[in-house]
Amino acid sequence: MKIYMQPETMLNMTSMDDLTGIEAFCWQIIFEAASNRKIAMHQPVIATAVEGRAHMRTVVLRRADIDRKAVYFHTEYRSLKLQDIIENSQLSWLFYDQNISTQIRLSGPTVIHHKDELATEHWEKTGHHSRRSYLQSLPPSTIIDKPATGLDNQLATFEYTIEETEKGFDHFTVIETQTNWMEWFFVHHEGNRRARFTYENGQLKTAEWLIP
Ligand SMILES: Cc1cc2nc3c(=O)[nH]c(=O)nc-3n(C[C@H](O)[C@H](O)[C@H](O)COP(=O)(O)O)c2cc1C
245 MKIYMQPETM LNMTSMDDLT GIEAFCWQII FEAASNRKIA MHQPVIATAV
295 EGRAHMRTVV LRRADIDRKA VYFHTEYRSL KLQDIIENSQ LSWLFYDQNI
345 STQIRLSGPT VIHHKDELAT EHWEKTGHHS RRSYLQSLPP STIIDKPATG
395 LDNQLATFEY TIEETEKGFD HFTVIETQTN WMEWFFVHHE GNRRARFTYE
445 NGQLKTAEWL IP
C-alpha cells in the first residue's frame, strides 16, 4: 500500500530559500496529486489559446512523470479542447492548493495519445463507471433542445458490461504536456515568494527567483 505524503508535510520539509528544493517540492506535490484525489491539485485547470482567446477548464490530473516533467489528463477525442490542442499544441496548467498557499503554473507542447500504447495502458486502468464518458453517441458540446446528461438509458443506469465499454476506447484520449516552463508562487503574510523554472527535454535549464 502506498503511503501518501500530505502537501503540508512536503511544505514543512522544504526550505523557502532553496531554489532547487522548491523545484523538487513542486514536482513531488504534482506527483502525489496525480494519485490522491484528496489533494486539491488533483483537479487542475488547463487552458488552451486559439484565435486570441484563452479557454480554461477543470480536469483530473491522471499522471505525472517527474523524470520527463510531463503531466497527463484524459479527455474525449471529439471534445472542443482537443480541436484547440490540434490547432495550438501549447497547453497551460494551473494548480492551486489553499492549504499550503501554493500555486504552480506550467506549460509546454502537448502530445495527443489516441489509440496508441499509452492510451491503451491508461484505458486498461479505467473502470466501468468512468468509461461511460466515452460511450455517448453524441459528441460533447452538441446543442440539445432540452436539459439532459447526454447519456443513453443503458449508460445512465450502468446496465452495460465491461465488454460493452470497449468501444469507448475509440473516443478515449490521453493528453500529455511536456513542461518547458513552470512558475511557483507562495502566499505568505510576511511576504510572498515566487520562482521560475525552465526545462529542455525534461532537464532543468534555468531556475530563478522573481519579485512576487
Ligand atoms: C471536477 C471536474 C473535473 C473534470 N475533469 C475533466 C477531465 O478530466 N477531462 C475532461 O475532458 N473534462 C473534464 N471536466 C469537464 C471540463 O472542465 C469541461 O467543461 C469539458 O471537458 C468541456 O470542455 P471543452 O469544450 O473545452 O472540451 C471536468 C469538470 C469538472 C468540474
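Using the numbering used here, count along the sequence shown one by one with no gaps and you end on 456. Cβ coordinates follow ideal geometry from the N, Cα and C atoms, glycine included.
To the nearest angstrom, how far is it from the Cα of residue i to the Cα of residue j?
i: THR258; j: CYS270; result: 10 Å
i: ARG438; j: VAL294; result: 28 Å
i: GLY220; j: GLU331; result: Only positions 245 to 456 of the chain appear in this structure, which leaves residue 220 out of reach.
i: PHE413; j: GLU365; result: 11 Å
i: VAL303; j: LEU362; result: 18 Å
i: ILE388; j: ILE274; result: 37 Å
i: LEU454; j: ALA277; result: 25 Å
i: ALA308; j: HIS357; result: 15 Å
i: PRO456; j: TYR378; result: 42 Å
i: GLU410; j: THR370; result: 11 Å
i: PHE429; j: ASP396; result: 44 Å
i: GLN272; j: TYR443; result: 16 Å
Closer than 6 Å by C-beta to residue i: which residues in its own chain qualify, once you throw out the five before and the five after it? Chain order, please.
i: THR421; result: VAL315, LEU335, GLY352 and THR354
Just to confirm the assignment, what range does the alpha helix (DSSP H) spanning residue i have?
i: ARG375; result: 372-375
i: ILE329; result: 324-331
i: LYS369; result: 361-369
Using a Cβ-based criterion (distance less than 7 Å to any ligand heavy atom), does residue i qualify as near ligand 1?
i: SER374; result: no
i: VAL304; result: yes
i: THR319; result: yes
i: PRO383; result: no
i: SER279; result: no
i: HIS299; result: yes
i: LYS313; result: no
i: GLN287; result: yes
i: LYS325; result: yes
If we call anything under 8 Å between Cβ atoms a contact, is residue i one with residue j?
i: ALA451; j: GLU267; result: yes
i: SER345; j: HIS432; result: yes
i: TRP337; j: ARG349; result: yes
i: ASP311; j: GLY435; result: no
i: ALA284; j: ALA291; result: no
i: ILE406; j: HIS373; result: no
i: HIS318; j: ARG306; result: yes
i: SER323; j: PRO384; result: yes
i: THR417; j: GLU320; result: yes
Got a sec, what are the start and stop residues for the beta strand (DSSP E) residue i sits in?
i: HIS420; result: For the sequence presented, residue 420 should be read as Glu rather than His. Its beta strand (DSSP E) spans residues 416-422.
i: ASP341; result: 334-341
i: ALA291; result: 289-294
i: ALA308; result: 307-309
i: ILE356; result: 346-358
Give me, in chain order, the residues of the same chain whose beta-carbon lies closer than 8 Å to that of residue i; leave out the 5 immediate sequence neighbours on both sides.
i: GLN342; result: ALA284
Apart from the five residues on each side of it in sequence, which residues of its chain come closer than 7 Å, Cβ to Cβ, to residue i?
i: THR264; result: ALA451
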